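Chains as they are written, first to last, in the UniProt record's numbering: chain C, 1 to 559; chain F, 1 to 93.
The C-beta atom is built at its ideal place from N, Cα and C for all residues, glycine as well.
Everything numeric in this text was worked out from a predicted model, so none of it was measured.
The structure appears right after this line, and notes come after that.
This is the structure in structure tokens:
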């Protein structure tokens, strides 16, 4: 009897040990995993994506807007129709090769296959109408460009990072990525068998915060106009590329910025990296004669010269060290005044101005004009080539810099500096975003200006530019009666230690009306083929755009 | 007798509590389903709203307007004439 009782006791002890060990495995060893499985059955955890902010034009209409898009996926084990039939029906709707779709969905062992990302709600509806089981959709976000590829390099694009998340690259998308991105939300709680939330359970929700909208200074009419005219101009003059920037000189607001060649942000992955950078802020070039505006303005401000100062070395080529400085057309004008030096775009006359100023003074003024420094524009990808160090300038550097050789600038640096002349000596900081707009709030971004030259020097320089536009080498293309202050620039292109004898960069910078300008515009053409001279390429293109802008801004001829 | 009353009261309270519990559970459960339904409705409405916003954005874009203007035969003015107001030679007193 006692033996039987002992056996029962041992049996129960073994059962107890077994139970304890099983509980130990469930609760201690596999506790975390099993708890996770259980939570998965009765709890729901969901990350809520934050909608990306829109980018708006100055009139509040979108340049880039978010829109709903869908990921089409297949669950091969649940497909009831034959894979080849599904592929054939989907291919024309998605614009894909049926073989590609068939390969995806007929892959053995796959339980979930993504077929196409970012399809529109309309296409989703068309696919749903086919009634295939085993196909599904997952919500995604897409960027929508109502004006197609307009201002692509200014806007940038949204691509993927290494984790597959959305990231803005280049332009505004890159610069304001954090602001546009918003903050993801999270939702956690218990659910019933049908998946509905149990309100008495542990329900927690942290709402997603939509990204902030950017209100830009971009005027859509100006933007579309300059893009069309630039494209036409590049074709007409056979240039490799070109850029146009239009800015309000009193505030620094960028009204339009276009470059060609460009890219389509909807299909950014079909383009190479070289298309993404914005030449206006990322490409440096020797400015040539448009730089004379800054040198002369500096000399006037420093009182090194006056408008009627006579150049006593302008009767022929100027020997500087072992080099000889010539005028662009090899015509020489003895005893030219400074006004005539600008009108004739006289390199020897400018070398005279440089000598009057001296290297250190010239350096100080270029530094004040922001040459060699980034402008601080709110776009990703800005570069600047620093000036040669103060004190390291020799007489050749001084002479060549005086007519825009041996220094490199970006278009944005150049337009900002000349804007100081247009704006009574006050230089603005260029900017593209004028306000940040959230739900129920808006924060304005104020413009910044700094004094670089006196009002008198700016007025004298403006008068010289008006004279240059009316009587200079581009006078044939000027619009009669309109008040324009402008200057052409034809610059040789440095390659491997010397200048390319066959190609040039042609540019024209000007503002209108000269007295109280509504816009300043810089046009640059890279290697125009029809003529190497800016007066025959960049200048007529500038005036063809200006003609449209005069009408749009209500600028009328003065006589 | 007193004990019987106590038992009766206890039973009634218990039944009432059980019924209340069932009632509230059913009610809360239905609220969860209702919440899901409201959220689905909200999602559908937001989707429709987004679709309509996209449509307005597309239809009001300058590129679309330019295409429509071209198809309707509008063109850009080629020759613009600026007129100056004629200064009167003699003004009335």
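The shortest CA-to-CA distance from residue 457 of chain C to any of C/295, C/534 and C/319 is the one to C/295.
Along the segment 50-69 of chain F, the positions whose C-beta sits under 7 Å from a C-beta of chain C are 50, 51, 54, 57, 58, 60, 61, 62 and 63, read in chain order.
Listed along the chain, the chain C residues whose CB falls inside 9 Å of the CB of residue 82 of chain F are 481, 556 and 557. According to the DSSP assignment, residue 491 of chain C belongs to the beta strand (DSSP E) that extends over 485-495. Using a Cβ-Cβ cut-off of 9 Å, residue 35 of chain F counts as an interface residue toward chain C, since at least one Cβ of chain C sits closer than that to its own.
Of C/130, C/82, C/65 and C/61, the smallest CA-CA separation from residue 93 of chain C is found for C/130. The shortest CA-to-CA distance from residue 539 of chain C to any of C/468, C/189 and C/513 is the one to C/468.
In chain C, no part has a C-beta under 9 Å from the C-beta of residue 75 of chain F; the shortest such distance is about 14 Å. Neighbours of residue 47 of chain F in chain C, taken as residues whose beta carbon is under 8 Å from its own, are 68 and 121 in chain order. Residue C/202 holds the alpha-carbon nearest to the alpha-carbon of residue 42 of chain C among C/174, C/202 and C/58.
Residue 498 of chain C sits exposed, since fewer than 16 C-beta atoms from the chains shown fall within 10 Å of its C-beta. In the structure shown, residue 540 of chain C falls within a helical segment according to DSSP collapsed to helix, strand and coil. DSSP places residue 452 of chain C outside any alpha helix (DSSP H), giving it a letter other than H or E. Residue 244 of chain C sits in a strand when the DSSP states are folded into three classes.
For residue 144 of chain C, the residues of chain F that pass the 9 Å Cβ criterion are 54, 57 and 58, in the order they occur in the chain.
DSSP places residue 107 of chain C in no beta strand (DSSP E); its state is neither H nor E.
For a Cβ distance threshold of 8 Å, residue set 32, 35 and 36 of chain F lies close to residue 197 of chain C, ordered along the chain.
Exclusion of the five residues before and after residue 436 of chain C leaves 212 and 443 as the residues of its chain whose Cβ lies within less than 6 Å of its Cβ. Bounds of any alpha helix (DSSP H) do not take in residue 166 of chain C; it lies within the beta strand (DSSP E) bounded by 166-169.
Residue pairing from DSSP places residue 62 of chain C in a beta bridge opposite C/56. Rounded to the nearest angstrom, the gap between the Cα atoms of residue 287 of chain C and residue 345 of chain C is 13 Å.
Along the segment 467-497 of chain C, the positions whose C-beta sits under 9 Å from a C-beta of chain F are 481, read in chain order. Taking 9 Å as the threshold, the shortest C-beta distance from residue 209 of chain C to chain F does not fall below it. For residue 500 of chain C, the secondary structure class from DSSP, reduced to helix, strand or coil, is strand. Among the CB atoms of chain F, none fall inside 9 Å of the CB of residue 424 of chain C. Residue 13 of chain F has a beta carbon lying at 9 Å or more from every beta carbon in chain C. Of all C-beta pairs linking the segment 274-286 of chain C to the segment 154-174 of chain C, three or more are shorter than 8 Å, placing the two stretches in contact.
If you check the CB distance, residue 69 of chain C and residue 139 of chain C come in under 9 Å. At least one beta carbon of chain C lies nearer than 9 Å to the beta carbon of residue 28 of chain F.
Beta-bridge partners of residue 256 of chain C (DSSP): C/246. For the set C/39, C/504, C/485 and C/53, the Cα lying nearest the Cα of residue 158 of chain C is the one of C/53. In this structure, residue 438 of chain C lies away from residue 413 of chain C, with their beta-carbon atoms at least 9 Å apart.
Residue ranges of uninterrupted beta strand (DSSP E) with 3 or more members, entirely inside the segment 245-331 of chain C and ordered along the chain, are 254-260, 318-320 and 323-325. Rounded to whole angstroms, the separation of the alpha carbons of residue 480 of chain C and residue 555 of chain C is 13 Å.
Cβ proximity to chain F below 9 Å picks out 547, 548, 550, 551, 556 and 557 from the segment 534-558 of chain C.
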